[in-house]
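*Asks:* The structure that follows is given in the form of structure tokens.
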């Protein structure tokens, strides 16, 4: 191959190496690391997508050759984590059966959908994308880093064994009740169907372990075995106090790990939740018009759970709550009695822990992924704007970029990711 033909490849390799070795130091901002005291005038150093150092300006030495970014007057917090989102027009199981664990959110997400851009504009860096709650079990959830990417495969998080990180979505209450089978017509029948499937999964696991002749794989039961073995967290939609206790009863019977989602009536059964040792992911503003079992939802849920030491996160349920206003949920929780510290942890590190990713992201600590947000002011102020969002050391949102600003503020062109043309569409 001629030298001129090799030159572009050499330049590409050099550019890739330069990007990989890029060191940046963000200096002068107020830094809220989560899990350690706030730094009033701090420096955050990132290298190759990781946090190399974070601390007071007078203590952190900026490495030679680093790009120094002046952020005085700004606030840096970890990237926001939403434990319950439906962005990307995700879909799960259909109306053929109330329990469909074999269905994967992975196979139904459009990462070019405008909701991804808006989530980055809100400072979100990690999301648990879930199927809906119209079934007792609507499929496998997926944990995504909101990197810029053309396919879902570029955003997935993989566990050490190579498997894609995710949980399972379950629900109870009125959402899954129907007048005709195979769906349940009552709450009692709903629980009976769930128990029946987990018993089948226990039997399937025993047969698989014994290597019985004629054993055939079953995708649905294999997924439930992963739940029984603690490899998948159950993310359980539940609102009413009795429905919450039903989930705790199932957890005790089958031993799976569960995060209670929504929990509108958490304040009524907070002691029982604490005794069960489970985590909660709260929604403060439910769907427009609400639903019967959410009529007693209380903003003080966060405060009640905090008083009992219950791990608590907040979520958007986007599009129910727009991801661009996620920090407002933390502010509302504080207004209702939750501490400032725990409310900010509820949109960062606590969510990461519930996805078993707390060692990787959710706080600003040396060695963790460089996922962070630069804010114009205090995180809980209504006047504060997300200025920039960074994921793994790369900027994925910049309010000073006119295109990004459009996603942040709306207006003409903000709601359409693509334009339809051709014989089948009008202008």
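In the working numbering, the protein residues as written are 418 to 844.
C-beta atoms are modelled at their ideal positions from N, C-alpha and C, and glycine is treated no differently.
1. Beta-carbon within less than 8 Å of residue 523's beta-carbon, same chain only, minus the 5 sequence neighbours each way: which residues are those?
2. Quick one: using the 10 Å Cβ neighbour count with 16 as the cut-off for buried, is residue 694 buried or exposed?
3. Quick one, are the C-beta atoms of residue 600 and residue 515 less than 8 Å apart?
4. In chain order, what residues of the same chain lie with their CB nearer than 6 Å to the CB of residue 786, ignoring the 5 residues before and after it?
5. Check the DSSP bridge columns for residue 730 and list the partner residues they point to.
6. Can you tell me whether residue 475 is helix, strand or coil according to DSSP?
7. Consult DSSP for residue 545 and reduce its assignment to one of helix, strand or coil.
8. If residue 711 sits next to residue 656, beta carbons under 8 Å apart, how far is it from one beta carbon to the other, in whole angstroms?
9. Ignoring anything shorter than 3 residues, give me the beta strand (DSSP E) runs that lie fully in the segment 517-605, in order along the chain.
10. To test your reading of the DSSP string, which unbroken alpha helix (DSSP H) runs of 4 or more residues are found completely within the segment 757-833?
11. Excluding the 5 residues flanking residue 435 on each side, which residues of the same chain have their C-beta closer than 6 Å to its C-beta?
12. On the DSSP letters alone, give me the boundaries of the alpha helix (DSSP H) that residue 746 sits inside.
13. Leaving aside the five residues before and after residue 741 along the sequence, list all residues of the same chain whose C-beta is less than 6 Å from its C-beta, in chain order.
14. Where are the beta strand (DSSP E) runs, 3 residues long or more, that stay fully inside the segment 483-516, in chain order?
15. What does DSSP give as the partner residues of residue 442 in its beta bridges?
16. For residue 532, I'd like the list of residues in its chain whose CB is within less than 8 Å of its CB, leaving aside the five on either flank, ordered along the chain.
17. To the nearest angstrom, report how far apart residue 789 and residue 816 are at their CA atoms.
18. To the nearest angstrom, report how far apart residue 637 and residue 453 are at their CA atoms.
19. Got a sec? Which residues, its chain only, sit under 6 Å from residue 449 by beta carbon, not counting five neighbours each side?
20. Quick one: grab the DSSP three-state call for residue 656.
21. What are the boundary residues of the beta strand (DSSP E) that includes residue 675?
22. So residue 690 is in the alpha helix (DSSP H); what residue range does that whole segment cover?
23. Just the C-alpha distance for residue 430 and residue 439, rounded to the nearest angstrom, thanks.
24. Could you give the distance in angstroms between the alpha-carbon of residue 842 and the alpha-carbon of residue 708?
25. Near residue 617, which residues of its chain fall below 7 Å by C-beta distance, leaving aside the five closest residues on each side in sequence?
26. Using C-beta distances below 6 Å, list every residue in its chain close to residue 658, excluding the 5 sequence neighbours before and after it, in chain order.
27. Using 8 Å as the threshold, is the C-beta distance between residue 594 and residue 605 below it?
28. Does the segment 717-730 come into contact with the segment 483-493, if we say contact requires no fewer than three beta-carbon pairs (one atom in each stretch) closer than 8 Å?
29. Just mark residue 424 as buried or exposed, buried being the case when its beta carbon has 16 or more other beta carbons within 10 Å.
30. Count the other CB atoms, across all protein chains shown, that sit within 10 Å of the CB of residue 821; report buried if there are 16 or more and exposed otherwise.
31. Hey, how far is the Cα of residue 420 from the Cα of residue 461?
32. Report the three-state DSSP secondary structure of residue 737 (helix, strand or coil).
33. Taking the continuous alpha helix (DSSP H) assigned at residue 683, which residues delimit it?
34. Can you tell me where the alpha helix (DSSP H) holding residue 711 begins and where it ends?
35. Per DSSP, what kind of secondary structure is residue 629 in: helix, strand or coil?
36. Look at the alpha carbon of residue 783 and the alpha carbon of residue 467, and state the distance between them as a whole number of angstroms.
*Replies:* Taking the definition as stated:
1. Position 106 of the chain shown, counting from 1, holds the residue named residue 523. So the qualifying residues of the chain are 557, 559, 569, 573, 581 and 583.
2. Counting from 1 along the chain shown, the entry for residue 694 is found at position 277. The residue is exposed, with fewer than 16 neighbouring Cβ atoms inside 10 Å.
3. Along the chain shown, one-based indexing puts residue 600 at 183. Along the chain shown, one-based indexing puts residue 515 at 98. In contact: residue 600 and residue 515 (Cβ atoms closer than 8 Å).
4. On the chain shown, position 369 is the one that residue 786 refers to. Cβ neighbours of residue 786 beyond the five flanking positions: 777, 778 and 809.
5. Translated into the one-based positions of the chain shown, residue 730 becomes position 313. Residue 730 pairs with 698.
6. On the chain shown, position 58 is the one that residue 475 refers to. Three-state DSSP puts residue 475 in coil, outside helix and strand.
7. Here residue 545 corresponds to residue number 128 of the chain shown, with the count starting at 1. Correct three-state label for residue 545: strand.
8. Here residue 711 is taken as the residue at index 294 of the chain shown, counted from 1. Here residue 656 is taken as the residue at index 239 of the chain shown, counted from 1. The Cβ separation is near 5 Å, so the contact holds.
9. 541-546, 554-557, 559-562 and 585-588
10. 757-763, 766-771 and 819-826
11. Here residue 435 refers to the residue found at position 18 when the chain shown is read from its first residue. With a pLDDT of only 43 at residue 435, under the threshold of 50, the placement of this residue in the model should not be trusted; the figure read from the coordinates follows. Contacts found: none.
12. Numbered from its first residue, the chain shown carries residue 746 at position 329. Residue 746 -> alpha helix (DSSP H) spans 743-752.
13. Residue 741 sits at position 324 when you count from the first residue of the chain shown. Cβ within range, chain order: 535, 538 and 539.
14. 484-487, 492-495 and 497-502
15. Position 25 of the chain shown, counted from the first residue, corresponds to residue 442. Answer is 462 and 485, bridged to residue 442.
16. Translated into the one-based positions of the chain shown, residue 532 becomes position 115. 504, 505, 506, 735, 736 and 740.
17. On the chain shown, position 372 is the one that residue 789 refers to. On the chain shown, position 399 is the one that residue 816 refers to. Answer to the nearest angstrom: the Cα atoms are 15 Å apart.
18. The sequence position of residue 637 within the chain shown is 220, counting from 1. The sequence position of residue 453 within the chain shown is 36, counting from 1. Approximately 43 Å between the Cα atoms of the pair.
19. Locating residue 449 in the chain shown gives position 32, counting from the first residue. Same-chain partners within the cutoff: 455 and 494.
20. Your numbering for residue 656 matches position 239 in the chain shown. The answer is coil: DSSP assigns residue 656 none of H, G, I, E or B.
21. Within the chain shown, numbered from 1, the residue matching residue 675 stands at position 258. Counting along the chain, the beta strand (DSSP E) containing residue 675 begins and ends at 675-679.
22. Looking up residue 690 in the chain shown gives position 273. From DSSP, the alpha helix (DSSP H) with residue 690 extends over 687-693.
23. The residue you call residue 430 lines up with position 13 of the chain shown. The residue you call residue 439 lines up with position 22 of the chain shown. Note that residue 430 scores a pLDDT of 40, beneath 50, so its modelled location is shaky; the value from the coordinates is reported in the next line. C-alpha separation (whole angstroms): 14 Å.
24. Against the chain shown, residue 842 aligns to sequence position 425. Against the chain shown, residue 708 aligns to sequence position 291. The predicted position of residue 842 is uncertain, since its pLDDT is 45 and thus under 50; no value can be drawn from it.
25. Working through the chain shown from its first residue, we reach residue 617 at position 200. Cβ neighbours of residue 617 beyond the five flanking positions: 638.
26. Within the chain shown, residue 658 is the residue found at index 241, counting from 1. Cβ neighbours of residue 658 beyond the five flanking positions: 682, 685 and 686.
27. The count along the chain shown starts at 1 and reaches residue 594 at position 177. The count along the chain shown starts at 1 and reaches residue 605 at position 188. No.
28. no
29. Stepping through the chain shown from its first residue, residue 424 is reached at position 7. Because the pLDDT at residue 424 is just 38, under 50, the model does not fix this residue reliably, and the value given afterwards should be weighed accordingly. Counting Cβ neighbours within 10 Å, residue 424 comes out exposed, since fewer than 16 surround it.
30. Here residue 821 is taken as the residue at index 404 of the chain shown, counted from 1. That one is buried.
31. Here the question's residue 420 lines up with position 3 in the chain shown. Here the question's residue 461 lines up with position 44 in the chain shown. For residue 420, the predicted model reports a pLDDT of 35, less than 50, meaning its position is unreliable and no value from the coordinates is stated.
32. On the chain shown, position 320 is the one that residue 737 refers to. Of the three classes helix, strand and coil, the one that applies to residue 737 here is coil, per DSSP.
33. Translated into positions along the chain shown, residue 683 becomes position 266. Residue 683 -> no alpha helix (DSSP H), and no H or E assigned at all.
34. Here residue 711 is taken as the residue at index 294 of the chain shown, counted from 1. Element bounds for residue 711: n/a, residue is neither H nor E.
35. Along the chain shown, one-based indexing puts residue 629 at 212. The answer is coil: DSSP assigns residue 629 none of H, G, I, E or B.
36. Numbered from its first residue, the chain shown carries residue 783 at position 366. Numbered from its first residue, the chain shown carries residue 467 at position 50. Rounded to the nearest angstrom, the two C-alpha atoms are 8 Å apart.
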